[in-house]
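Heads up: the protein sequence lines correspond to chains A and B, in order.
The working numbering numbers the first residue of the first sequence as 1355 and each following residue consecutively.
The working numbering numbers the first residue of the second sequence as 1355 and each following residue consecutively.
Number of protein chains: 2
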Amino acid sequence: MSDLPQRVEIHEEGPREGFQIEPPGFSIADRAALVEALADCGLRQIQVASFVNPKRVPQMADAAELFAAIRKRPDVRYTALWLNEQGFERARATAAVDLAGTLYFYASDAFSRLNNGCGAAQHAQEQRRWVARYRDANLPIQSAYVMTAFGCNIEGEVSEETLATSLRFIASLEQGEGFRLPKLYLADTVGLGHPLAVRRRVDLARSILPHARVGLHLHDTRGLGMANALAALEQGVDLFDASIAALGGCPFCGNAHGGAAGNICTEDLAFLCEQMGVATGLDLQRLVDAARLAERIIGRRLEGKLMHSGIPQARGQRAARAVT
Amino acid sequence: MSDLPQRVEIHEEGPREGFQIEPPGFSIADRAALVEALADCGLRQIQVASFVNPKRVPQMADAAELFAAIRKRPDVRYTALWLNEQGFERARATAAVDLAGTLYFYASDAFSRLNNGCGAAQHAQEQRRWVARYRDANLPIQSAYVMTAFGCNIEGEVSEETLATSLRFIASLEQGEGFRLPKLYLADTVGLGHPLAVRRRVDLARSILPHARVGLHLHDTRGLGMANALAALEQGVDLFDASIAALGGCPFCGNAHGGAAGNICTEDLAFLCEQMGVATGLDLQRLVDAARLAERIIGRRLEGKLMHSGIPQARGQRAARAVT
């Protein structure tokens, strides 16, 4: 456990991950209030919304209005997601968006075909255009995500060699385009990662991109999210995406029966870290309050745990009565 | 990770943990069908019900009838819980109950007072009577649980020295009464454990009771259940209690807002183990089917993850479409 970081940085994904899978119609006021509550927890990067095709994702059609409605804190980055030029232009036209040069790669070829209409290699080549596009916009490349870095539902587990191919392409792109990637995220898009794989693939990423800070975007699709986070922490990983109250999920990431869980839960991850003496800079009670606000807005029980059980205190709480 | 066990033994707690916190009235036929489905998963020890005060726990009033209704497998132990002489006699009078000499201790004095009406030390002394009682009944002592081994909601964290006091009492009881404890369970009754504490307390238990096999009874009250299970596996712990579909929970183990989560989820724990090459002897698909049966019986979404996302297969599954 000697590799545990002293401090971790948790980026909040809930406002985008959560509401993009809910039916449309949640008010801008409610969603802005949630983002504001999250900023008051100490979170310093919050993904607010995505600028994507409003026909395909009507929940995000009002992304610009949402950004405009949020009372901003100067110390928080309010980020957005886009997938094509049109979305990027809409994001650029929205003053409050904290633009960041982000690249996306896929370890799974089959998953890329279904998500992007082209294979992983071609999709990777197209990222070259984004590097130029961001350069034209004076946006330095801040991070790259390797999606399905552990596998996908079509191919099953993706081999480490296949992941290495994606990572080596990124390294070659850095050299060819003359930039150095600050942050490299391994995304367990459909929850196929497990602790041994996390350790091996974090090491692999560091060996191929030694200058990049490796982060993890974990989904709790199959219940291993927090165990995978622990495995990463034990490797010294200090950068995680998470969603308040475990907001989110993906109806397509599992094989039916109620869909799949979303990102690992922000407040539960923060509790794990704080309990082990790893600083998060977050206010746990405010996180729990924000999670409960998210639950009130969504209108059904959400799957975060700490939000329901509460933060343990030394005294004055109602006694437990469970036998074992 | 070199201390990972080759094989783990998972004991099923769902039928008792789950239905004792639900309203009464679930049919014996449904509960028997669930127990039978669990036995068909490869689980070799299943806690079916508790023999406790039917006025306080009406859900368990029909425990004897439930035991009688189950189609038994010869290779499965169908166990029960009792807390007093009356309950023990009812269990003994029920032919199908797999009786086992089990002792209970409390690390938290305040928790013991609220649960037992006496402090931890006095409750421990009373276990001496149970040792004699089991001897009279020709029941060897099979296991001891130290409840609130990590802390409780009243006292907060229980110190390792306080836990050591409970463990030393058990060692002295062994010497005085002339038995050797096969299994010692550390129970994280209210979910205050974290991975560093799991490691230290497993080591502590092994140092004081070196001949006992140390097991963990983990609750996911605050979301750290699977991370704690990983920490235990990394210590070579090969004995766990768990509940199918994460059945269970405790309205008193948290501090309000919807109660607290129950045991760690059987099928998710089994998936964690199998993904890391630790054999469970369990059929994952049957576990998922049993979890879905539990969900149909309970009649609301249960919190297990694998049961909703499904077991990853190499091919032919619906594609994932999440962006990150």
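Every residue gets a Cβ at the ideal spot worked out from N, C-alpha and C, and that includes glycine.
Check, Outcome
"Of all Cβ atoms in chain A, is any one closer than 8 Å to the Cβ of Cys1619(B)?", "yes"
"Count the other CB atoms, across all protein chains shown, that sit within 10 Å of the CB of Asp1429(A); report buried if there are 16 or more and exposed otherwise.", "exposed"
"Report the residue from Thr1519(A), Arg1385(A), Ala1581(A) whose alpha carbon sits nearest the alpha carbon of Arg1370(A).", "Arg1385(A)"
"Terminal residues of the continuous alpha helix (DSSP H) containing Leu1358(A)?", "Run containing Leu1358(A): none; DSSP gives neither H nor E here."
"Would the region 1544 to 1555 of chain B and the region 1522 to 1533 of chain B be scored as touching if the rule is three or more Cβ pairs under 8 Å?", "no"
"Could you tell me the distance, in whole angstroms, from the CA atom of Val1485(A) to the CA atom of Ile1375(A)?", "29 Å"
"Quick one: is the Cβ of Glu1366(A) within less than 7 Å of any heavy atom of the ligand PLP?", "For the ligand PLP, the structure offers nothing, since it holds no ligand at all."
"Taking only three categories from DSSP, how would you classify Val1451(A)?", "coil"
"If the criterion is Cβ atoms closer than 8 Å, does the pair Ala1596(A) and Ala1648(A) meet it?", "no"
"Is it the case that the region 1623 to 1640 of chain B contacts the region 1574 to 1586 of chain B, given that we only count it when at least three CB pairs across the two stretches are under 8 Å?", "yes"
"Contact check, Gly1658(B) vs Cys1619(B) under 8 Å by CB: the rounded distance?", "4 Å"
"Taking the beta carbon of Asp1490(B) as the centre, do at least 16 other beta carbons fall within 10 Å, making it buried, or is it exposed?", "exposed"
"Cα-Cα, which of Arg1487(B), His1477(B), Ala1475(B), Ser1462(B) is closest to Phe1442(B)?", "Arg1487(B)"
"Could you give the residue range of the alpha helix (DSSP H) that holds Val1500(A)?", "Taken as a continuous stretch (DSSP letters only), Val1500(A) belongs to no alpha helix (DSSP H), being part of the beta strand (DSSP E) at 1495 to 1501."
"Whose CA, out of Ser1513(A), Val1568(A), Ala1518(A), lies closest to the CA of Asp1592(A)?", "Val1568(A)"
"For the beta strand (DSSP E) that Thr1575(B) lies in, which residues bound it at each end?", "From DSSP, Thr1575(B) is part of no beta strand (DSSP E); its letter is neither H nor E."
"Report yes or no: do three or more beta-carbon pairs, one from the region 1440 to 1455 of chain A and one from the region 1395 to 1405 of chain A, lie closer than 8 Å?", "yes"
"Starting from Val1477(B), follow the alpha helix (DSSP H) in both directions and report where the run begins and ends.", "The question names Val, but residue 1477(B) in the sequence shown is His. Per DSSP, His1477(B) belongs to the alpha helix (DSSP H) from 1474 to 1490."
"Rounding to the nearest angstrom, what Cα-Cα distance links Val1694(A) and Gln1360(A) in this structure?", "Residue 1694(A) lies beyond the residue range present for chain A, which begins at 1355 and ends at 1678; the question has no answer from this structure."
"In this structure, does DSSP put Leu1563(B) in helix, strand or coil?", "coil"
"List the whole-angstrom C-beta distance separating Asp1637(A) from Gly1368(A), where the pair is believed to meet the contact cut-off of C-beta under 8 Å.", "Between Gly1368(A) and Asp1637(A) the Cβ distance is about 16 Å, and since that is not below 8 Å, they are no contact."
"Determine, using beta carbons only, whether Glu1657(B) comes closer than 8 Å to chain A.", "yes"
"Going along the chain, which residues of its own chain have a beta-carbon closer than 6 Å to the beta-carbon of Glu1509(B), five neighbours each way excluded?", "Ser1462, Ala1464"
"Out of Arg1425(B), Met1501(B), Gln1496(B), state which residue places its alpha-carbon closest to the alpha-carbon of Gly1473(B).", "Met1501(B)"
"Using the Cβ count rule (16 or more neighbours within 10 Å means buried), how would you classify Pro1494(B)?", "exposed"
"Sorted by chain position, which residues of the same chain lie with C-beta nearer than 6 Å to His1365(B)'s C-beta, five sequence neighbours on each side aside?", "Gln1399, Asp1595"
"Does Gln1639(A) pass the burial test, meaning 16 or more other C-beta atoms within 10 Å, or should it be called exposed?", "exposed"
"Is Ser1497(A) near Tyr1432(A), with beta carbons less than 8 Å apart?", "no"
"Do Ala1478(B) and Arg1444(B) have their CB atoms nearer than 8 Å?", "no"
"Give the residues from the region 1563 to 1580 of chain A that approach chain B closer than 9 Å (Cβ to any Cβ), ordered along the chain.", "His1571, His1573, Asp1574, Thr1575, Arg1576, Gly1577, Leu1578, Gly1579, Met1580"
"Any beta-carbon of chain A closer than 8 Å to the one on His1548(B)?", "yes"
"Give the secondary structure of Ile1424(B) by DSSP, where H, G and I count as helix, E and B as strand, and everything else as coil.", "coil"
"Can you check whether the C-beta of Gln1589(B) is within less than 8 Å of a C-beta belonging to chain A?", "no"
"Taking a Cβ distance cut-off of 9 Å, strictly less, list which residues of the region 1498 to 1513 of chain A are near chain B, in chain order.", "Tyr1499, Met1501, Thr1502, Gly1505, Cys1506, Asn1507, Ile1508, Glu1509, Gly1510, Glu1511"
"For a minimum of 4 consecutive residues, which ranges assigned as the alpha helix (DSSP H) are wholly contained in the region 1358 to 1423 of chain A?", "1368 to 1373, 1382 to 1393, 1417 to 1423"
"Check whether the Cβ of Ser1597(B) lies closer than 8 Å to any Cβ atom in chain A.", "no"
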